[in-house]
Structures are given as structure tokens and as C-alpha cells.
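S.K.:
Residue numbers (our numbering): 33 to 169.
1) By the DSSP assignment, the alpha helix (DSSP H) with residue 107 in it spans what residues?
2) On the DSSP letters alone, give me the boundaries of the alpha helix (DSSP H) that residue 36 sits inside.
3) What's the gap between the Cα of residue 83 and the Cα of residue 65?
4) From residue 36 to residue 74, what does the alpha carbon distance come to, in whole angstroms?
5) For residue 89 and residue 132, what's the separation of their Cα atoms in angstroms?
6) Can the beta-carbon of residue 115 be found less than 8 Å from the beta-carbon of residue 121?
7) Can you list, in chain order, the stretches of the alpha helix (DSSP H) that have 4 or more residues and sit fully within the stretch 119 to 164?
8) Roughly how many angstroms separate the alpha carbons of residue 103 and residue 81, rounded to a whole number?
Below you can see the structure in the form of C-alpha cells.
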């Protein structure tokens, strides 16, 4: 049988087109799923951006509220920094330790002496005087 020129190419082209059309519903379904996922991602991104914007506004309000008081603290903090940089500050722990070692025993001794004097005066108050009670009061 004689062949018609170009017919086999036309049939091959039609077969390829038919196969492509057969896959079209699946491709459209995949595309539809992808569009839905993109829509969900866009919705989530929108909600995230709105939340971030609310947080940014709150932070801006907070910074605005705290900015002036913090700036007012700056000179005092700088003065404290200069005081703390003074080498004398490094000697404070040793000084306090020496005070505790030297003065605490002395204060303890004074308290013991005070207790003893209190005991003696308490005894003297309880003891009746010679010559009668209430004499000279």
C-alpha cells in the first residue's frame, strides 16, 4: 500500500497531542493543589505579618514610653561608672573584712561588759538598803 506523505508524521503528532490531553486533568489537579497550598501559605504569611506589625507597634510604644526616663538616667549612670572605676572601690571588700575582724570582737566584748554591769546593777536594785526601805527616796 502506498503511503501518503506526511500522514505518519501527522498521526504521530496527533498521538502525542492525545497523550498530552490525557495527562491534562492530572496536571490541572496538581496545579489546583499547588494554588491551594500557595493560598494557604499566603494567608499564613498575612497573619504572621499582621502579628509582627502589632508586636512592632507595641515595641514602638514601649520604647517611646521608656526613652525619656532612660535618657534621664544616663548622667547618673555615668557618674556611678566613674565612681566604680576609682581604685578605692577595689579596697572595699578588704576594708569590710578588717572591720569585721577588728570591730566584731570588740563589740562582743562591750556587750558582755554591758550584760555584766546590768547584772550588777540589777543585784544592787534588788538588795534592800541598810537602815530601812524607802529611806531617802
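C-beta atoms are modelled at their ideal positions from N, C-alpha and C, and glycine is treated no differently. The structure displayed is predicted, hence computed values, not measured ones.
M.R.: Answer, in terms of the structure:
1) If you number the chain shown from 1, residue 107 lands on position 75. 39 to 117 is the span of the alpha helix (DSSP H), which, as asked, contains residue 107.
2) Indexing the chain shown from 1 puts residue 36 at position 4. That residue, residue 36, is in no alpha helix (DSSP H); it is neither H nor E in DSSP.
3) In the chain shown, the residue the question calls residue 83 occupies position 51. In the chain shown, the residue the question calls residue 65 occupies position 33. The straight-line gap from Cα to Cα measures roughly 27 Å.
4) Here residue 36 is taken as the residue at index 4 of the chain shown, counted from 1. Here residue 74 is taken as the residue at index 42 of the chain shown, counted from 1. For residue 36 and residue 74, the distance between alpha carbons rounds to 55 Å.
5) Residue numbering aside, residue 89 sits at position 57 when the chain shown is read from its first letter. Residue numbering aside, residue 132 sits at position 100 when the chain shown is read from its first letter. Going by the C-alpha atoms only, they are around 54 Å apart.
6) The residue given as residue 115 occupies position 83 in the chain shown. The residue given as residue 121 occupies position 89 in the chain shown. A distance below 8 Å separates the beta carbons of residue 115 and residue 121.
7) Runs found: 124 to 158.
8) For the purposes of this step, residue 103 is identified with residue 71 of the chain shown, where counting begins at 1. For the purposes of this step, residue 81 is identified with residue 49 of the chain shown, where counting begins at 1. The alpha-carbon atoms of residue 103 and residue 81 are separated by roughly 31 Å.
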